[in-house]
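Just so you know, we're using my numbering here: the sequence shown kicks off at 90 and counts up by one.
Built from N, CA and C at the ideal position, the CB exists for glycine as well.
Fair warning: this is a prediction, and the values are worked out from it, not measured in the lab.
Quick notes on the structure that follows.
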Amino acid sequence: MCLVWHLGSARRFSYGVAMGRSLRTAAGAVILTALCVGGATASAGAEPALPGIVIPGVEVPTIGDVLPPARSELFGGGRNLFPDRRFVALYGHPGGPALGALGEQDTAGAITRVRDLAAQYQQFSTEPVLPAFEIIATVASADSGTDGRFSRITPPDQLRPVIDEAEAAGVYVILDLQPGHTHFLEQARIYEEFLARPNVGLALDPEWRLAPGQQHMVQIGSVDSAEINEVVAYLADIVQRHDLPQKMLVLHQFRSSMITGREFVDAGRPEISVVLHADGHGSPAQKFDTWSALQSGLPPQIHMAWKNFYDEDLPTFTPEQTMAIEPKPVFVSFQ
């Protein structure tokens with residue numbers, strides 16, 4: 090006679106006493122056969138094992154060997170982004186306030202601030218409103234730099250503490266790329282270690298994607314759907330390889346010329362949720378004109394996002410005004 094452990098339900102274990110007999114489920118399936126060796130004992134404090142047979146020289150699997158690991162989920166639960174949640178984000182660079190609201194305080198202060206913003210928006214949404222950071226990972230530069238690409242790359246080591254702290258606080262992170270003369274995919278690969286996390290997405294900012302001979306603040310950049318689709322395929326592969334929940338891909342736009350062939354963007358991949366971020370600023374009439382124009386011909390799988398500017402909007406929309414917009418934005422950022 091010896092103690093054996095047997096599966097009592099899908100996730101709970103109990104023990105019983107058996108002598109050379111099979112244990113079965115209610116449906117009659119054999120879940121273990123107890124072939125106990127005389128005199129063998131099981132320690133009450135030991136980790137339970139399946140099938141729990143004490144046989145000298147035979148390795149017995151533990152519970153961890155039998156149960157599959159839990160699949161990663163998004164903050165708020167589940168593995169699909171929308172329509173079951175919305176986001177409110179601070180936009181900028183953690184290096185300082187010049188590039189946006191995110192850098193106006195340290196990371197802990199930014200977490201507190203964006204949580205407060207999300208709470209203000211929650212009262213106007215039936216779906217959970219979650220906090221987020223949109224971090225400018227590569228920054229458009231007026232100087233061409235040593236590589237001639239007009240884009241400054243923030244080293245991953247510099248971003249890692251910020252992303253770690255945000256992740257620990259339940260704040261979703263989007264890494265924003267302003268690539269200059271660099272292909273979006275080339276810059277995205279720099280941050281693959283972060284993109285392999287379940288609650289880190291990516292944003293592409295075509296305003297700062299320059300064609301040969303262009304410079305920032307002289308011309309407004311643009312990107313075609315083929316380059317975007319390379320990033321879509323890359324992110325989808327990361328999601329598949331790491332069994333991640335759906336990943337957000339944000340496309341910034343405020344004029345039609347910024348994304349050519351937008352109707353061909355591959356927005357139907359189940360691994361990716363594509364969000365179009367309307368970046369227009371100014372008076373309410375100007376912002377709504379941009380909002381309406383950007384929806385013309387938009388593929389139905391693409392969700393809409395809204396940006397509130399603290400300084401450039403006249404005035405900045407309140408949470409109630411923002412959430413009254415149709416279609417109601419799934420993502421709202423502050424710059």
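Sequence-distant residues of its chain with Cβ nearer than 8 Å to residue i (five each side left out)
i: S362; result: N169, L170, F171, Q335, K336, M337, L338 and H392
i: V320; result: F273, L274, A277, L291, L293 and L338
i: E409; result: F213
i: P245; result: I279, Y280, E282 and F283
i: Q211; result: P217 and V218
i: H305; result: A229, S230, A231, F239, G269, W297 and L299
i: T196; result: P183, P250, V251, E254 and A255
i: Y399; result: A190, T405, F423 and Q424
i: V354; result: S314, I317, N318, V321, L340, I348, V363, P388 and I391
i: I327; result: E281, L284, A285, L333 and K336
Cβ distance (whole Å) where residue i is taken to contact residue j below 8 Å
i: A178; j: I263; result: 7 Å
i: P287; j: S311; result: Incorrect: roughly 31 Å between the Cβ atoms, too far for contact.
i: P301; j: E352; result: In fact, because the Cβ distance is near 25 Å, the residues do not count as touching under 8 Å.
i: A413; j: Q390; result: The Cβ separation is near 24 Å, so there is no contact.
Pairwise C-alpha distance: residue j and residue i
i: G290; j: L299; result: 23 Å
i: P217; j: V364; result: 18 Å
i: V119; j: A394; result: Residue placement at V119 is flagged as unreliable, the pLDDT there being 39, under the threshold of 50; a coordinate-derived value is accordingly withheld.
i: R358; j: G184; result: 34 Å
i: G134; j: V260; result: Note on G134: pLDDT 46, under 50, position unreliable in the model; the coordinate value appears next. Near 39 Å, if we compare the C-alpha coordinates of V260 and G134.
i: P157; j: A221; result: 30 Å
i: S314; j: L188; result: 27 Å
i: T215; j: E316; result: 36 Å
i: T243; j: L333; result: 25 Å
i: D253; j: L340; result: 24 Å
i: T201; j: L266; result: 25 Å
i: L163; j: G198; result: 23 Å
i: D236; j: I309; result: 21 Å
i: Q375; j: I224; result: 26 Å
i: S372; j: Q329; result: 43 Å
i: G386; j: G167; result: 30 Å
i: S346; j: T271; result: 19 Å
i: V421; j: A159; result: 31 Å
i: Q303; j: A285; result: 33 Å
i: D205; j: A257; result: 17 Å
i: S233; j: F377; result: 35 Å
i: E401; j: S381; result: 19 Å
i: G350; j: S161; result: 34 Å
i: A226; j: Q194; result: 17 Å
Sequence-distant residues of its chain with Cβ nearer than 7 Å to residue i (five each side left out)
i: Y323; result: L274 and A277
i: L383; result: Q342, L365 and A367
i: G192; result: G181, H182, P183, G184, G185 and P186
i: T379; result: F343, A367 and G369
i: R174; result: G165, E216, P217 and L219
i: V307; result: none
i: A207; result: V177, V218, L219 and P220
i: Q247; result: none
i: A325; result: R358, E360 and I361
i: H331; result: A285
i: L403; result: G371 and S372
Paired residues, beta bridge with residue i - DSSP
i: I242; result: T227
i: L188; result: Paired residues: none, contrary to the question.
i: A292; result: D265 and V339
i: F423; result: L179 and N397
i: A221; result: A178 and Y261
i: R298; result: G269
Contacts around residue i, its chain only, beta-carbon distance under 6 Å, and the 5 residues preceding and following it disregarded
i: N397; result: T405, F406 and F423
i: V419; result: F171, R175 and H392
i: R241; result: V228 and S230
i: P416; result: M393
i: Q209; result: P408
i: V203; result: L179 and P220
Min CB distance residue i to chain D below 8 Å
i: R175; result: Here chain D cannot be found, since the structure has a single protein chain.
(request) Please go through the stretch 375–399 and give each complete beta strand (DSSP E) segment of 3 or more residues, from N-terminal end onward. (result) Positions of the beta strand (DSSP E) runs, each at least 3 residues long and wholly inside the stretch 375–399, are given as 392–397 in order along the chain.
(message) For a minimum of 3 consecutive residues, which ranges assigned as the beta strand (DSSP E) are wholly contained in the stretch 302–378?
(response) Listed in chain order, the complete beta strand (DSSP E) runs (minimum 3 residues) inside the stretch 302–378 are 336–342 and 361–367.
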